[in-house]
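In order, the protein sequence lines correspond to chains C and U.
So the first sequence is numbered by my numbering: it starts at 373 and just counts up by one.
So the second sequence is numbered by my numbering: it starts at 663 and just counts up by one.
Where a beta carbon is used, it is the ideal one built from N, C-alpha and C, also for glycine.
For reference, the structure is listed below as structure tokens.
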Amino acid sequence: MTTDKSALERHKYDVLVIGAGGAGLRAAVEARELGLRVAIICKSLFGKAHTVMAEGGAAASMGNANSNDNWQVHFRDTMRGGKFLNHFRMAELHAKESPDRIWELEMWGALFDRTKEGKISQRNFGGHEYPRLAHVGDRTGLELIRTMQQKIVALQQADKREHGEYESHIKVFSELTITEILKEDGKIAGAYGYWRESGEEVLFEAPAVIIATGGVGKTFKITSNSWEGTGDGHALALKAGANLVDMEFLQFHPTGMVWPPSVRGILVTESVRGEGGILTNSNGERFMFKYIPDVFKDKYADNEAEADRWYEDQDNNRRPPELLPRDEVARAINSEVKAGRGSEHGGVFLDVSKRLSAEIIKKRLPSMWHQFYELAGVDITKEPMEVGPTCHYVMGGVEVEPDTAAAVGVPGLYAAGEVAGGMHGSNRLGGNSLSDLLVFGRRAGMGAAAYVKQTTAAPVADATIAAAAARIEAPFARSGGENSYSLHAELQEVTHNLVGIIRTGDELKDAITKIAEIRKRSANVAVSGGRKFNPGFHLAFDLDNMLLVAESTAKSAIGREESRGGHTRDDFPGMDMGWRQHNHISSFDGTQVTVRKQALPFMPKELFSLFDVEELKKYMTPDEVAKGGSN
Amino acid sequence: MARKVNLRIWRGDATDGGLQDVQVEANDGEVVLDVIHRVQATQMGDLAVRWNCKAGKCGSCSMEINGKPRLACMTQVAAYGDETITVTPLRAFPVIKDLVTDVSFNYKKAMEIPAFEPPKELKPGEARMQQIDVERSQEFRKCIECFLCQDVCHVVRDHEENKKSFAGPRFFIRIAELDMHPLDTLKNRKSTAQEEHGLGMCNITKCCTEVCPEHIKITDNAIIPMKERVADIKYDPVRWLGSKIRKREGIV
Chain C
373 MTTDKSALER HKYDVLVIGA GGAGLRAAVE ARELGLRVAI ICKSLFGKAH
423 TVMAEGGAAA SMGNANSNDN WQVHFRDTMR GGKFLNHFRM AELHAKESPD
473 RIWELEMWGA LFDRTKEGKI SQRNFGGHEY PRLAHVGDRT GLELIRTMQQ
523 KIVALQQADK REHGEYESHI KVFSELTITE ILKEDGKIAG AYGYWRESGE
573 EVLFEAPAVI IATGGVGKTF KITSNSWEGT GDGHALALKA GANLVDMEFL
623 QFHPTGMVWP PSVRGILVTE SVRGEGGILT NSNGERFMFK YIPDVFKDKY
673 ADNEAEADRW YEDQDNNRRP PELLPRDEVA RAINSEVKAG RGSEHGGVFL
723 DVSKRLSAEI IKKRLPSMWH QFYELAGVDI TKEPMEVGPT CHYVMGGVEV
773 EPDTAAAVGV PGLYAAGEVA GGMHGSNRLG GNSLSDLLVF GRRAGMGAAA
823 YVKQTTAAPV ADATIAAAAA RIEAPFARSG GENSYSLHAE LQEVTHNLVG
873 IIRTGDELKD AITKIAEIRK RSANVAVSGG RKFNPGFHLA FDLDNMLLVA
923 ESTAKSAIGR EESRGGHTRD DFPGMDMGWR QHNHISSFDG TQVTVRKQAL
973 PFMPKELFSL FDVEELKKYM TPDEVAKGGS N
Chain U
663 MARKVNLRIW RGDATDGGLQ DVQVEANDGE VVLDVIHRVQ ATQMGDLAVR
713 WNCKAGKCGS CSMEINGKPR LACMTQVAAY GDETITVTPL RAFPVIKDLV
763 TDVSFNYKKA MEIPAFEPPK ELKPGEARMQ QIDVERSQEF RKCIECFLCQ
813 DVCHVVRDHE ENKKSFAGPR FFIRIAELDM HPLDTLKNRK STAQEEHGLG
863 MCNITKCCTE VCPEHIKITD NAIIPMKERV ADIKYDPVRW LGSKIRKREG
913 IV
């Protein structure tokens, strides 16, 4: 490509949404409805984002299945699940607004499963006190994406009627990668990237950018994430001067497929357990009863009889321990396998065939049946599944203002969905991500709209463009350098072995050194072939993002000397009340990530008083409990 | 246990291309997408292929495997025994590079289907629908937009000229889904399917149903019922006259 940028493709928008999963699409709808011109950018085709793989449902306390449910209960469950490291304000907004976000989808054409009264049906899930997840069989994420995709088409049709063109005010740029977020005068000015199909470069000028790029799973070897989960938004935000909060917390979903090897890591929905699936080890023992932690002892059954009764009578029995929060179940499975009680292929058994009829299984869990039958040759209506932990979700992410989703420290930058941090604390409850992306996607759209109305973007300087373009050109200029596929595989080995589900200080130290070495070598990645749809070229940029994310995760993990939620230290096995008061903030100085402690905001009295003080004593210092809230 | 398989991959772009033979290792339980990825990582770094979830849920890795439209992530290598596996791009769409085609046709058609219209007076949270009534549309909403049905459909497969007036099976189920949606109020969906989206060009060979990885009964449950209702109104002289006299737009 020439250095002459006079022919460069340029676009001007009010707001640029990077990512077309649930959060990105919800943000785009909101921004458009508030009058903005919106560009949506996706790395793959429109409608393929990782959200389509969300299976179980979206948590919202509509109270359709149990009228005792309300936002306060949902708030408590979320804070408990996150081991009280959540930003209270995010958890509060999320619990309050989720029902409206679900009902709104119905007005856009979504068709959720129904209760007998014709309301939206709600199912049980780990950590949720009442049946709370709105669902469509086990393909709820697909329903969300399709509904919002079609809502965007509806907005485009309205624009055609009013302005004569479908894409006059909202346009989807498919198969386009953003390599850099651009700033001028300390605030957002746009973004730079390339079309994946042609390799041609593109400049977007916009006063506001909403990052909604999802997760980082591809940093790890065994993951439920699609290829897109390469931490692009995390890295773009860091490089633009934003902070990441609590990157040590990664959720290993307890049930991924373990066999055959090619599907290792693919998700087995928690709905299997919500619908009554039980976990057993190679001795046939239902082992979860041994792993109920003290903080949850009064909420979970310690014997099979009570656990089984709960499915019929939830008011008089405690929940089965298979429905503990995900971090607990994942650690339990890990321990069973390590103790030699695992299945043939290194997992444990998950069985739903004994409790439900074949007909009901195929109706409630159709894609699970299909997935196991087609890919593993297992009929889940007759036999158990083999499952084990898989890297599923990153709780850490861009540090944002809860109400507006504005990234702290970068005017004009917003983040929503998985890429944003704080909402889920140290561990996310199943079902809370689909509601999270609706609630905060909308808030990011509102935040960006309010910002755009009171600001003007500085034009992007030629020097800024030249620097961004040079970075894209660089891998083509090298020959005989490193292969991006091999470096990616090496990084995945390091994270899997040294920054995985169980961590130690020595291993993390080793990981930090190794990640730095790979990063050094990655500066010498060479790409074969041309610019046109060249996956080796694409991976070079994804790799760069993953390396930055891995560095942030490893450095945050080595600092946090305790075990909590999605961060387990073998050398510091207990939860530490002092650490509960702190977030880990990652920032980037252009060469390396640094991590510092920052005080976690304490909840006000009106939220504090929603809890039983005896429960809070398990998590908080006597001083905090005595204070009773921040106000 | 690893073994070698023979793979024949179409490589090229809009201007030129052809089949290339490669040998690649395959392990037990692997799918065609796995071996394509192995070729990419070890022999052809710039081999273009679309994929996302690798679990049959996103519909990205559509291609033709030994001539049949399939998802590469859901096609077992073992199913072909010792046979050479030939992978080619979707034939109904223009090639961009290697196994990647330009499927923008489908997104243009999606824009032309009138959107869902709920009752104006209905407030969020007030909708009441019975499970049995939502299930008909839910079947069509399982669609993962892999576009295999669009690719196999002979109306457009070798007839570029028909694309302008034919939306294809994917969008017939979208129209049927809205038509059967308990809350949709737009009345004329079946007639526009016939008049604007080319429903009449389908002659029910069921090829689309056969290739659907979600096992949606496209022909039986969407296309045929719509065709029957359209025929009803079109050829029933009393209703035809009524529709002209009262200037009725819709067919209820």
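Among the residues of chain U, those whose CB is under 9 Å from the CB of residue 425 of chain C are 714, 715, 717, 719, 720, following chain order. Using a C-beta cut-off of 8 Å, the region 803-812 of chain C makes no contact with the region 402-413 of chain C, since fewer than three inter-stretch Cβ pairs fall below that distance.
In the same chain as residue 695 of chain U, and ignoring 5 residues on each side of it, the C-beta atoms closer than 7 Å to its own belong to 713, 716, 723, 734, 735, in chain order. Per DSSP, reduced to three states, the secondary structure at residue 441 of chain C is coil, with no helix or strand assignment. Our two residues, residue 707 of chain U and residue 907 of chain C, have alpha carbons roughly 7 Å apart in a direct line.
Cβ-Cβ distances below 6 Å link residue 847 of chain U to 779, 781 in the same chain, with the five nearest sequence neighbours on each side left out; the list follows chain order. Closest option to residue 465 of chain C, judged by alpha-carbon separation, among C:773, C:691, C:891: C:773. Counting only residues of its own chain and dropping the five nearest sequence neighbours on each side, residue 726 of chain U has a CB closer than 6 Å to the CB of 750. Here DSSP, grouped into helix, strand and coil, assigns residue 769 of chain C to strand. Here DSSP, grouped into helix, strand and coil, assigns residue 459 of chain C to coil. Neighbours of residue 907 of chain C in chain U, taken as residues at a C-beta separation under 8 Å, are given in chain order as 702, 707, 708, 709, 710, 711. Looking at the DSSP output, residue 688 of chain U sits in a beta bridge with U:665.
Using a Cβ-Cβ cut-off of 7 Å, residue 475 of chain C is close to 786, 787 of chain U, given in chain order.
Short of 6 Å from the beta carbon of residue 445 of chain C, and not among the five residues preceding or following it, lie these beta carbons of its own chain, in chain order: 501. Under the Cβ distance rule, residue 525 of chain C counts among the residues neighbouring chain U, one pair being separated by less than 8 Å. Identification of chain U residues near residue 490 of chain C by a Cβ-Cβ cut-off of 7 Å yields 790, 791, 792, ordered along the chain. Contact with chain U is absent for residue 592 of chain C, since none of that chain's Cβ atoms lies less than 8 Å from the residue's Cβ. No Cβ of chain U is located within less than 8 Å of the beta carbon of residue 497 of chain C. Going by DSSP, residue 433 of chain C is part of no alpha helix (DSSP H) at all; its letter is neither H nor E. In the DSSP annotation of this structure, residue 749 of chain C is not part of any alpha helix (DSSP H), being labelled neither H nor E. Each residue's CA atom was taken as its position, placing residue 898 of chain C and residue 857 of chain C some 11 Å apart.
Inter-residue distance for residue 512 of chain C and residue 620 of chain C is about 28 Å (C-alpha atoms, whole angstroms). Counting every other CB atom within 10 Å of its CB across the protein chains shown gives residue 507 of chain C a total of 16 or more, marking it as buried.
Put simply, the region 431-444 of chain C does not touch the region 841-857 of chain C. Fewer than three CB pairs are less than 8 Å apart.
Spanning the alpha carbons of residue 477 of chain C and residue 521 of chain C requires a straight line of approximately 11 Å. Using a CB distance cut-off of 8 Å, residue 724 of chain U does not count as an interface residue toward chain C. Take residue 593 of chain C, set aside five residues on each side of it, and the residues of its chain with a beta-carbon closer than 6 Å to its own are 864, 868, in chain order. Distances from the alpha-carbon of residue 872 of chain C to those of C:706, C:617, C:388, C:687 put C:706 closest.
For a Cβ distance threshold of 9 Å, nothing in chain C lies close to residue 841 of chain U: the least Cβ distance comes to about 12 Å.
The C-alpha of residue 670 of chain C lies about 49 Å from the C-alpha of residue 549 of chain C.
Looking from the CA of residue 671 of chain U, the closest CA among U:664, U:691, U:709 belongs to U:709. DSSP, read as helix, strand or coil, puts residue 971 of chain C in strand.
Here the alpha carbons of residue 497 of chain C and residue 505 of chain C stand approximately 7 Å from one another.
Interface with chain C (8 Å Cβ-Cβ cutoff): residue 820 of chain U is excluded. A distance below 8 Å separates the beta carbons of residue 810 of chain U and residue 874 of chain U. DSSP places residue 955 of chain C in the uninterrupted beta strand (DSSP E) bounded by 954-960.
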